[in-house]
Amino acid sequence: MLIRTIVNSGLRRGLKPLWNDIPSVGRMRATYLRIDRLGTLGRRPVRVHAAEVGGVGVEWIGRPDAARDGVILYLHGGGFAVRPALADRRYCAGLARRTGCPVVLVPYRLAPEFPFPAGLEDCCAAYAGLLAAGIPAHKIVVIGHSAGANLALVLLMRARDNGWPQPAAGILLSAPTDLTAGSPSASANAARDSMQGPNIWPWVRMTYLGAVDPAHPEVSPLFGDWAGLAPLHFHVSDTEIILDDSGRAAERARQAGNRVTLSIWHDVPHSFYYMNALREAWRCRAEVVAFVTDALRRT
């Protein structure tokens with residue numbers, strides 16, 4: 000509990016003030032780059048294999064020759080405009096090591112240089128590319144973190160609409176499913192969330208959406224068609240402003256007849272599963288690994 004308090008306090012002082020105003024993309028990227036580098040001090044770099052899947056440049060982490068047993072397609076977070084590349088690679092290396100499956104990390108195009116739907120198109124192309132390469136859908140698990148969880152859900156909906164088979168499972172880590180900020184927690188948790196503030200919503204609209212309606216189902220998957228999706232596992236903290244985005248989405252998925260699991264973690268920050276100092280991070284990782292393993296075994 001003490002470590003959790005220290006982590007939350009540090010984020011509240013160091014990162015959350017960025018959201019007191021609507022930060023520039025350059026300022027946000029510079030801040031996350033400093034944090035990303037700080038987190039790698041004294042650590043051995045992750046070995047990455049550059050490749051192209053579906054016409055999209057990707058990073059393979061783990062043994063590509065193990066893909067026949069299962070592949071994780073990983074969509075990173077960062078508000079659709081930032082990428083903490085080193086932290087993503089470390090997290091994915093842990094997934095590859097614990098599941099025995101290589102991870103295909105998609106460094107999709109970022110806003111505002113490439114606004115909606117560019118990043119989404121990259122993610123869908125990567126999934127289609129894995130299928131075209133002969134990897135069966137039932138041997139693919141899609142995992143998305145934050146903005147990447149939003150993209151992961153839309154990818155599953157697009158796959159269904161395109162007639163592509165669903166993956167073995169989808170895992171959604173802190174998924175923003177309603178970019179209209181219509182979830183009660185968007186305001187109720189504005190003070191409790193140690194990392195993000197309410198100005199994230201206009202910032203995302205400004206950088207990622209432009210003139211696109213934030214209620215568009217490919218922007219806010221909460222308002223999409225939830226029928227016929229892969230088994231889903233949502234993870235979120237009870238202090239996040241997007242807490243209810245996961246709860247409402249899980250309920251929509253259940254009502255549509257899908258298998259759904261919702262794990263709500265207590266008083267941990269956004270992206271807590273990246274933070275080695277938190278025991279909740281290790282417990283969450285164990286749940287993710289178990290869900291991946293079970294999904295691939297079922298199929």
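Numbering (numbering that gives the first Met the number 0), first residue to last: 0 to 298.
Using N, Cα and C, we set each Cβ at its ideal position, and we do this for glycine too.
- With contacts defined as CB atoms closer than 8 Å, residue 105 and residue 60 fail to qualify as a contacting pair.
- The continuous alpha helix (DSSP H) containing residue 86 extends over residues 84-98.
- In the DSSP secondary-structure assignment, residue 139 is bridged to 70.
- Fewer than three pairs of CB atoms, one per stretch, sit closer than 8 Å, so the segment 163-170 makes no contact with the segment 190-210.
- Under the DSSP definition of a beta bridge, residue 264 partners with 236.
- CA-to-CA, the gap between residue 15 and residue 238 works out to about 14 Å.
- In the three-state scheme derived from DSSP, where H, G and I count as helix and E and B as strand, residue 51 is classed as strand.
- Straight-line measurement puts the Cα of residue 259 at about 14 Å from the Cα of residue 141.
- By the CB criterion at 8 Å, residue 119 and residue 148 fall outside the cutoff.
- Contact check for residue 110 and residue 54: beta-carbon distance about 20 Å, past the 8 Å limit, so the pair fails to qualify.
- A Cβ-Cβ distance of about 10 Å is found for the pair residue 252 and residue 221, leaving them out of contact under the 8 Å criterion.
- Rounded to whole angstroms, the separation of the alpha carbons of residue 97 and residue 203 is 33 Å.
- In the structure shown, residue 112 adopts coil according to DSSP, grouped into three states.
- Residue pairing from DSSP places residue 259 in a beta bridge opposite 231.
- Around residue 227, the same chain offers 159 as residues with beta carbons nearer than 6 Å, after the five sequence neighbours per side are excluded.
- Contact between the segment 172-191 and the segment 241-251 is established, with three or more Cβ pairs separated by less than 8 Å.
- Counted as a single uninterrupted DSSP element, the alpha helix (DSSP H) harbouring residue 246 occupies residues 242-254.
- Excluding its 5 nearest sequence neighbours in each direction, residue 21 has C-beta neighbours in its own chain below 8 Å: 198, 201, 202 and 205, listed in chain order.
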